[in-house]
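Asks: Sharing a structure with you now.
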Amino acid sequence: MSACKIKPFQASFSVCGGNFDDAGLVSGRIKTILKEMGFTNDVLRRTAIVTYEAEVNMVSYAERGKIRLLVLPDHVVIEATDEGPGIADIRVAIQQGWSTANEKIREMGFGAGMGLNNIRTFSDIFHISSDPGVGTRLKMIIATQEGPDRRTGGAPP
Ligand SMILES: Nc1ncnc2c1ncn2[C@@H]1O[C@H](COP(=O)(O)OP(=O)(O)OP(=O)(O)O)[C@@H](O)[C@H]1O
Ligand SMILES: [Mg+2]
Numbered sequence: 000m001s002a003c004k005i006k007p008f009q010a011s012f013s014v015c016g017g018n019f020d021d022a023g024l025v026s027g028r029i030k031t032i033l034k035e036m037g038f039t040n041d042v043l044r045r046t047a048i049v050t051y052e053a054e055v056n057m058v059s060y061a062e063r064g065k066i067r068l069l070v071l072p073d074h075v076v077i078e079a080t081d082e083g084p085g086i087a088d089i090r091v092a093i094q095q096g097w098s099t100a101n102e103k104i105r106e107m108g109f110g111a112g113m114g115l116n117n118i119r120t121f122s123d124i125f126h127i128s129s130d131p132g133v134g135t136r137l138k139m140i141i142a143t144q145e146g147p148d149r150r151t152g153g154a155p156p
């Protein structure tokens with residue numbers, strides 16, 4: 000898609016902690032918005048994955064949160080900010096297989112300890128920060144212009 004065709008766009012959505020019935024609604028709506036804007040399947044898939052993982056983590060662990068979508072000419076930004084217990088040690092939390100999911104979360108089919116790792120894998124840029132007792136902030140950037148695969152460190156043309 001040509002960068003000049005993309006008008007900047009933003010939208011913000013609320014997520015309610017503990018509400019597993021609605022887990023996936025926000026990531027689904029964001030995917031629909033991006034699909035209507037004409038993004039490629041690769042951009043849709045990667046944005047949907049990172050947004051879904053952030054949304055499920057908010058539902059699973061936080062009190063409440065917001066997910067913001069920002070569409071810019073050459074990338075999509077997803078910001079997920081929550082109020083909740085936060086993460087004491089991000090380096091540990093991001094390791095594959097590490098999880099504090101309780102019985103209820105596991106019954107819902109989550110808790111494999113893969114979410115943050117998937118977010119890191121499928122984002123072109125991923126920032127996470129957290130204040131224990133206050134909340135957690137994630138920022139994911141998905142490049143939308145065709146070109147070398149930045150995740151594998153391809154050099155620009
Ligand atoms: N928004 C959050 N607030 C507080 N803790 C979080 C948050 N997101 C993740 N965590 C912590 O980091 C751990 C790892 O998260 P991650 O998403 O990688 O795995 P998971 O949610 O446990 O399992 P999966 O995502 O595979 O269903 C969680 O178990 C939890 O302890
Ligand atoms: Mg998770």
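Residue 69 in numbering that gives the first Met the number 0 is what sits at position 70 of the sequence shown, and the numbering runs on without skipping anything.
Backbone N, C-alpha and C define an ideal beta-carbon position, used for all residues, glycine too.
1) Can you pull every residue whose C-beta falls closer than 5 Å to some heavy atom of ligand 4, listed in chain order?
2) Quick check on the burial criterion: 16 or more other C-beta atoms within 10 angstroms. Buried or exposed for E64?
3) How many Å lie between D130 and T80 at the Cα?
4) Less than 6 Å between the CB of Y51 and some heavy atom of ligand 1, yes or no?
5) Measuring only the C-alpha atoms, how far is T39 from K103?
6) Is the closest heavy atom of ligand 1 to the C-beta of S122 under 6 Å?
7) Identify, in the order they occur along the chain, each residue of the same chain with its Cβ nearer than 8 Å to the Cβ of K34, setting aside the five sequence neighbours on each side.
8) Can you tell me where the alpha helix (DSSP H) with D41 in it begins and where it stops?
9) Can we count A92 as close to ligand 1, meaning its CB is less than 6 Å from some heavy atom?
10) Should N18 go down as buried or exposed, given a rule of 16 or more other Cβ atoms within 10 Å for buried?
11) For R45, count neighbouring Cβ atoms within 10 angstroms of its own Cβ and tell me buried if that reaches 16, exposed if not.
Replies: With the structure as the only source:
1) By its list of ligands, the structure shown excludes ligand 4, since it contains just ligand 1 and ligand 2.
2) Locating residue 64 in the sequence shown gives position 65, where the first residue counts as 1. Per the sequence shown, residue 64 should be read as Gly rather than Glu. Buried, because 16 or more other Cβ atoms sit within 10 Å of the Cβ of G64.
3) Numbered from 1 along the sequence shown, position 131 holds the residue referred to as residue 130. Numbered from 1 along the sequence shown, position 81 holds the residue referred to as residue 80. Roughly 11 Å between the two C-alpha positions.
4) As a working note, residue 51 is residue 52 in the sequence shown. Y51: no, Cβ never under 6 Å from ligand 1.
5) Locating residue 39 in the sequence shown gives position 40, counting from the first residue. Locating residue 103 in the sequence shown gives position 104, counting from the first residue. Computed Cα separation, rounded: 36 Å.
6) Numbered from its first residue, the sequence shown carries residue 122 at position 123. S122 Cβ: outside cutoff for every heavy atom of ligand 1.
7) Reading the sequence shown from its first residue, position 35 is the one you call residue 34. L43, listed in sequence order.
8) Taking the sequence shown and counting its residues from 1, one reaches residue 41 at position 42. Residue range N40 to Y60 is occupied by the alpha helix (DSSP H) that includes D41.
9) The residue you call residue 92 lines up with position 93 of the sequence shown. Checking the Cβ of A92 against ligand 1 gives yes.
10) In the sequence shown, counting from the first residue as 1, residue 18 sits at position 19. With fewer than 16 Cβ atoms within 10 Å of its Cβ, N18 is classed as exposed.
11) As a working note, residue 45 is residue 46 in the sequence shown. Buried, because 16 or more other Cβ atoms sit within 10 Å of the Cβ of R45.
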